[in-house]
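Have a look at the structure below, then the notes.
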Amino acid sequence: IVMEAVKQHGLALKYASTELKAGKEVVLEAVKEYGGALQYACEDLRADREIVMEAVKQHGLALKYASTELKAGKEVVLEAVKEYGGALQYACEDLRADREIVM
């Protein structure tokens, strides 16, 4: 039931059990539908590159909920900024000064 819910409305992840919020398959479907659902994923999955990439491709501001390590990942940040330039505010300081990302 939860899988069907998140496929239709990614934010349904908010109401899923803690166990399901830690399930990669469920979270991946949720962020594909709405990247902002990343905020409801468990901490480990917010550090999962595949999940975060899907989230920022769909909703650049989802970078806000990514792990510190991924906020320092050039490829992840570039995807987020391509989707929404304002996502730059959540990138690590070094990448905020990276010409390739800022331009």
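So the mapping is simple: my numbering equals the position in the sequence shown, first residue as 1, plus 901. Yeah, the Cβ is synthetic: ideal placement off N, Cα and C, and Gly gets one too.
Backbone CA spacing between residue i and residue j [nearest angstrom]
i     : j    : result
E905  : G974 : 31 angstroms
E980  : G911 : 20 angstroms
I1002 : A956 : 18 angstroms
L939  : I902 : 19 angstroms
L962  : E920 : 25 angstroms
Beta-carbon spacing of residue i, residue j below 9 angstroms
i    : j    : result
R950 : L971 : yes
Cβ distance (whole Å) where residue i is taken to contact residue j below 8 angstroms
i    : j    : result
S968 : A948 : 4 angstroms
G924 : H960 : Going by Cβ atoms, the distance from G924 to H960 rounds to 20 angstroms, so no, they are not a contact pair.
V977 : E934 : In fact, because the Cβ distance is near 19 angstroms, the residues do not count as touching under 8 angstroms.
Cβ-based burial, residue i [other Cβ within 10 Å; buried from 16]
i     : result
A1006 : The shown model of the chain, from 902 to 1004, leaves out residue 1006, and the question about it has no answer.
M954  : buried
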